[in-house]
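Residue numbers (my numbering), protein chains in the order written: chain A, 1155 to 1487; chain B, 1155 to 1487. C-beta atoms are modelled at their ideal positions from N, C-alpha and C, and glycine is treated no differently.
There are 2 protein chains.
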Amino acid sequence: MQKTNRSILLVSRPKGMPKQEDFKLITNPIPEVKEGEILIRTIYLSVDPYMRGRMRGIKTYVEPFELNEVLIGGVVGEVIESRNSRFRVGEIIEGRLDWADFSISNGVNVRKVNPNLASISTALGIIGMPGLTAYFGLLDIGKPKEGETVVISGAAGAVGTVVGQIAKINGCRVVGITGSEEKKRYLEDKLEFDVAINYNAENVLEDLRTACPDGVDIYFDNVGGEISDAVMTLINFQSRIVLCGQISLYNKEKSEKGPRIQGSLIHHSAVMKGFIVGDYADRHHEGLEQLGEWVKEGKLKYHESIVNGLENAPRAFMGLFKGENIGKQLVKL
Amino acid sequence: MQKTNRSILLVSRPKGMPKQEDFKLITNPIPEVKEGEILIRTIYLSVDPYMRGRMRGIKTYVEPFELNEVLIGGVVGEVIESRNSRFRVGEIIEGRLDWADFSISNGVNVRKVNPNLASISTALGIIGMPGLTAYFGLLDIGKPKEGETVVISGAAGAVGTVVGQIAKINGCRVVGITGSEEKKRYLEDKLEFDVAINYNAENVLEDLRTACPDGVDIYFDNVGGEISDAVMTLINFQSRIVLCGQISLYNKEKSEKGPRIQGSLIHHSAVMKGFIVGDYADRHHEGLEQLGEWVKEGKLKYHESIVNGLENAPRAFMGLFKGENIGKQLVKL
């Protein structure tokens, strides 16, 4: 067995787009397991856009990452040593753990993953945080009704792909906005979105108008910026705007101005709600059950973009902002 | 009895601030009362900021006013002739009727006003549309909890004054933003707001910071623009932004840009909801009952700014955008 533990530190706060130099790989001995703790070998590491916010050094809903500390992210791993009676060696767990070969946990911040339900990697994707984000954001805030039109930005991402499919399960017309022809085809052909729009190839507003002849009832926003400006011109009376992310703005050094939207929200008696998946912590179990069932029944499909090697995690993270992933971006160790 | 009926037409769509020349007073015979109809003599006419939107000629939640047609607004009047079995001569009614000495109604768009409950003028104010707007906006969207901080823009207006007092009834800290020292004193001394800020005299953001040491839980927005930009920098986790009006923007010829707020709504799991009082049509009765009770118990105070004479209604309307009114602006005929 490997005797050393590689881990990735954040060594500088990114200015604009994160760069390789903002990260550093270090090697240490494998930590010792104390009473009550477990040692986890990382199998999959999750890279998520929200981590960019934690790199900023400003407190939002989570504490910022400390400089020169190991990054923390979603991990699926195997228990390889246990001094905690709740966990046995060989069990698969998921939790927010170190960007490292090995992590220590006291068992509080991890959950067990059933390897017979689906690929264990899905615990970081469709049957994990991104799936729950889609589930609660769409169902609890979006409140989709049959026949309504749902527009999704960042539609081919880990969250967007699930939002669109749950909207289809609920009988909605689903329009996805994405950044390449490959993703457009994936959404239309594999996930059966009614329309996908490639914002790099087309005039988003014009194509949205054609794709949404009855206007927009729900806008699930992962992207923000000018794409959202276009969608907002088409919202219906009593529409719901679900604010999940603003990935197009995360790497801007200065905050941008945009159209004032309050007047339109009043005219349309519309609601705009920001949320994080933690708001629904007491209902995560319900969400995971339902997502697992839909995956098992074949009603939810998923795609994973996988990069190999811990040393490539920063590159995979940076790729999120270039739209390199389809579905969930993972790092396999 | 007067034999002629004066009424006010909209003759041009205002560009920027409405002008006297956009309106025209004409004189016609008093209309004849047909079977099923009543003739109403106007006693009070309501001037409301939302009417500016109807003058724009663009369909929003209400149809635009037609050019060269009589303006329609809130009216309290007396039934002086009735060919409708539901109404007797001498009864007081409220409804959306002509800006005129006399109106005809088929009885569908009017409600009876109890003259023993309070001054009949309150049917256009605190126990009418503005009161209901405050009541549903604050209670249903704002959901105030004891000890929370509520900030109100346009605080000395017909809606703002009621919002602040209902927030006090609910045990909140109430901070009002208004445009003059007189209004500031009125809010602090007469309505017992915790703090009122005169945005014309002070640095709004600095004063808001002092007035809201625990941040802002509810922002009830009647004004929009830069005042809202300041408030939005202080919102708390899970705060509620109630969008009622954007009076600072109604007379802008071009739509302005402002800070993009979606990111902050996500970081704070905050909700922003636009509404109109018509969204709560099925609960208006409940609202009017409660507002009437609070007025009777002395828990809700009100102030009316009254201009005399139908011919002065356009001037009273224009005054709304200069902040001339404290509380409800009425025209008495």
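**Asked** Terminal residues of the continuous beta strand (DSSP E) containing A/E1447?
**Response** Segment 1438-1450 is the alpha helix (DSSP H) holding A/E1447; no beta strand (DSSP E) there.
**Message:** Rounded to the nearest angstrom, what separates A/L1345 and B/G1311 at their Cα positions?
**Reply:** A/L1345 and B/G1311 have their C-alpha atoms some 52 Å from each other.
**Request:** Would you identify the three-state DSSP class for B/L1292, choosing helix, strand or coil?
**Result:** DSSP, reduced to helix, strand and coil, places B/L1292 within a helical segment of the structure shown.
**Request:** Thinking A/Q1444 and A/Y1340 are a contact (beta carbons under 8 Å), I'd like their distance in whole angstroms, please.
**Result:** Contact annotation, A/Q1444 with A/Y1340: C-beta distance approximately 24 Å; criterion of less than 8 Å not satisfied.
**Request:** Grab the span of the alpha helix (DSSP H) containing B/V1358 for me, first residue to last.
**Result:** Annotation for B/V1358: the continuous alpha helix (DSSP H) segment containing it runs 1358-1365.
**Entirely enclosed beta strand (DSSP E) segments - the segment 1228-1312 of chain A, minimum 3 residues** = Within the segment 1228-1312 of chain A, the complete beta strand (DSSP E) runs of at least 3 residues are 1246-1252, 1256-1259, 1264-1266, 1303-1307.
**Message:** If we define contact as Cβ-Cβ less than 8 Å, is B/Q1423 a contact residue for chain A?
**Reply:** According to the sequence provided, residue 1423 of chain B is Ser. The question's Gln does not apply to it. Judged by the 8 Å Cβ criterion, B/S1423 is in contact with chain A.
**Request:** Please state whether DSSP places A/G1325 in a helix, a strand or coil.
**Result:** If DSSP states are grouped into helix, strand and coil, A/G1325 belongs with coil.
**Message:** Run through chain A and tell me which residues come within less than 8 Å of B/E1410, C-beta to C-beta.
**Reply:** Residues of chain A with a Cβ closer than 8 Å to the Cβ of B/E1410 are, in chain order, R1414.
**Request:** Express the C-alpha separation of A/K1188 and A/E1302 in angstroms, rounding to a whole number.
**Result:** When rounded, the distance between both Cα atoms is 54 Å.
**Request:** Quickly, what does DSSP pair A/E1458 with across the bridge? List them, please.
**Result:** The partner list for A/E1458 (beta bridge, DSSP) reads A/K1482.
**Item:** Nearest residue (CA-CA) to B/T1388, options B/R1363, B/N1376, B/K1411
**Value:** First, the amino acid is wrong: residue 1388 of chain B is Leu here, not Thr. Minimum Cα-Cα distance from B/L1388 among the listed residues B/R1363, B/N1376, B/K1411 corresponds to B/R1363.
**Message:** Suppose contacts are defined by Cβ-Cβ distances below 8 Å. Is B/V1329 in contact with B/D1348 by that definition?
**Reply:** Cβ distance < 8 Å, so B/V1329 and B/D1348 count as in contact.
**Prompt:** Looking at C-alpha atoms only, which residue of A/G1296, A/S1239, A/E1191, A/K1299 is the closest neighbour of A/F1256?
**Reply:** Per the Cα distances, A/E1191.
**Asked** Are the C-beta of A/G1417 and some C-beta of chain B separated by less than 8 Å?
**Response** Judged by the 8 Å Cβ criterion, A/G1417 is in contact with chain B.
**Request:** Could you pull out every residue in the same chain whose Cβ sits closer than 8 Å to the Cβ of A/P1183, ignoring the five residues on either side in sequence?
**Result:** Counting only Cβ-Cβ distances below 8 Å, and skipping sequence neighbours, we find K1157, T1158, N1159.
**Request:** Reducing DSSP to helix, strand and coil, say where B/N1354 ends up.
**Result:** In this structure, DSSP gives B/N1354 a state outside helix and strand, which the three-state scheme calls coil.
**Asked** For the putative contact between B/Y1198 and B/L1454, defined by C-beta atoms under 8 Å, what is the C-beta separation to the nearest angstrom?
**Response** Incorrect: roughly 19 Å between the Cβ atoms, too far for contact.
**Asked** Exposed or buried, which one is A/Q1277 when buried takes at least 16 other CB atoms within 10 Å?
**Response** It is worth fixing the name first, because residue 1277 of chain A is Ala in this sequence and not Gln. Taking every protein chain shown into account, the CB of A/A1277 has 16 or more other CB atoms within 10 angstroms, so this residue is buried.
**Message:** Taking 7 Å as the limit between beta carbons, can you name the residues of its chain near A/E1458, skipping five residues before and five after?
**Reply:** S1275, G1279, G1481, K1482, L1484, listed in sequence order.
**A/Y1434 (DSSP reduced to helix, strand or coil)** = Correct three-state label for A/Y1434: helix.
**Request:** Taking only the alpha-carbon atoms, compute the straight-line gap between A/L1403 and B/D1383 and give it to the nearest angstrom.
**Result:** The alpha-carbon of A/L1403 is positioned some 19 Å away from that of B/D1383.
**Item:** Of the listed residues B/R1265, B/G1285, B/I1320, nearest to B/K1297 (C-alpha basis)
**Value:** That would be B/I1320, whose Cα lies nearest to the Cα of B/K1297.
**Request:** Closer than 9 Å by beta-carbon distance: list the chain B residues that pair up with A/L1403, in chain order.
**Result:** Within 9 Å Cβ-Cβ: R1414, Q1416, G1417.
**Asked** Nearest CA to the CA of B/E1451: which residue from B/F1241, B/V1233, B/Y1373, B/A1272?
**Response** Ranking the options by Cα distance to B/E1451, first place goes to B/A1272.
**Item:** Span separating the alpha-carbon of B/N1354 from that of B/E1410
**Value:** Roughly 21 Å between the two C-alpha positions.
**Message:** Please state the DSSP three-state secondary structure of A/F1471.
**Reply:** A/F1471: helix per DSSP, three-state reduction.
**A/G1231 versus A/S1334, A/I1460, A/I1247, residue with shortest Cα-Cα distance** = Restricting attention to A/S1334, A/I1460, A/I1247, the CA atom closest to the CA of A/G1231 is found in A/I1247.
**Prompt:** DSSP state of A/T1315, grouped into three classes?
**Reply:** Residue state, collapsed to three classes: helix.
**Request:** Find the nearest neighbour of B/V1216 within the set B/A1424, B/C1366, B/E1186, B/I1430, judged by alpha-carbon distance.
**Result:** Measuring from the Cα of B/V1216, the nearest candidate turns out to be B/I1430.
**Prompt:** Which same chain residues, not among the five before or five after B/V1243, have their C-beta less than 7 Å away from its C-beta?
**Reply:** The answer, listed in chain order, is V1233, I1234, E1235, S1236.
**Prompt:** Where does the unbroken beta strand (DSSP E) through A/I1395 begin, and where does it stop?
**Reply:** Run containing A/I1395: 1389-1397, per the beta strand (DSSP E) assignment.
**Item:** Local conformation of A/M1426 per DSSP, three classes
**Value:** A/M1426 sits in a strand when the DSSP states are folded into three classes.
**Message:** Can you list, in chain order, the residues of its chain with a C-beta nearer than 6 Å to that of B/V1264? Leave out the 5 residues immediately preceding and following it.
**Reply:** Excluding residues within five positions, the ones whose Cβ falls inside 6 Å are I1247, G1249.
**Request:** Give me the Cα-Cα distance between A/P1185 and A/V1267, rounded to the nearest whole angstrom.
**Result:** Each residue's alpha carbon lies about 23 Å from the other.
**Prompt:** B/F1374 bridges to which residues according to DSSP?
**Reply:** According to DSSP, B/F1374 bridges with B/I1306, B/V1396.
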